[in-house]
Amino acid sequence: MMREDNAQDYPILPTAESIAGVAYAAADGGKVHEKGKRVPVLKLENGSMKHMPFKVGKINKALGAVKDLCSAGNRVVFDDDGSLILDKKSGELYERGRTDAFPVQVIPRSIAVKLASASKHQLNRQEPSTSPFQRHAEQL
């Protein structure tokens, strides 16, 4: 889940939960109402870029849900020996060592749209498992 003021240039999309007025339990015992979701493009420390859906609500700090990562086709492991996210389709592996935090940078929507548009012209010349955002990660 992310705060409403995170990734503001990405629209908040309605979800079944936001329409139904679903609220989640907060660590302080209160409730957090889901306001919808945003799907920003994120740049990971290793330079790759990924779309990642985030629910939007009134929270203090953005948190990525392992369930959402897994639903997007990833395998997620948190272990004393190291943490990792594996993209099961592309085989790309992102390791972070002994931590539960994977720092990311939100790519402004205007740049993400340009990268996606530019990559449409190159799709026939690229390997099928390479995402448009991975191909252009080095440009940012």
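Per this note's numbering, the sequence shown starts with residue 1, numbered consecutively.
We put the beta carbon where it would ideally sit given N, CA and C, even for glycine.
- Taking all protein chains shown into account, I19 has fewer than 16 neighbouring C-beta atoms within 10 Å of its C-beta and is therefore exposed.
- Every beta strand (DSSP E) of 3 residues or more that sits fully in the stretch 5-90 is shown, in chain order, as 23-25, 31-33, 36-38, 41-44, 49-51, 54-56, 74-77 and 83-87.
- 8 angstroms or more divides the Cβ of V41 from the Cβ of I85.
- In the structure shown, R96 falls within a strand segment according to DSSP collapsed to helix, strand and coil.
- Remark: three or more beta-carbon pairs, one from each stretch, lie closer than 8 angstroms, so the stretch 48-58 and the stretch 28-37 are flagged as touching.
- Each residue's CA atom was taken as its position, placing V76 and L44 some 15 angstroms apart.
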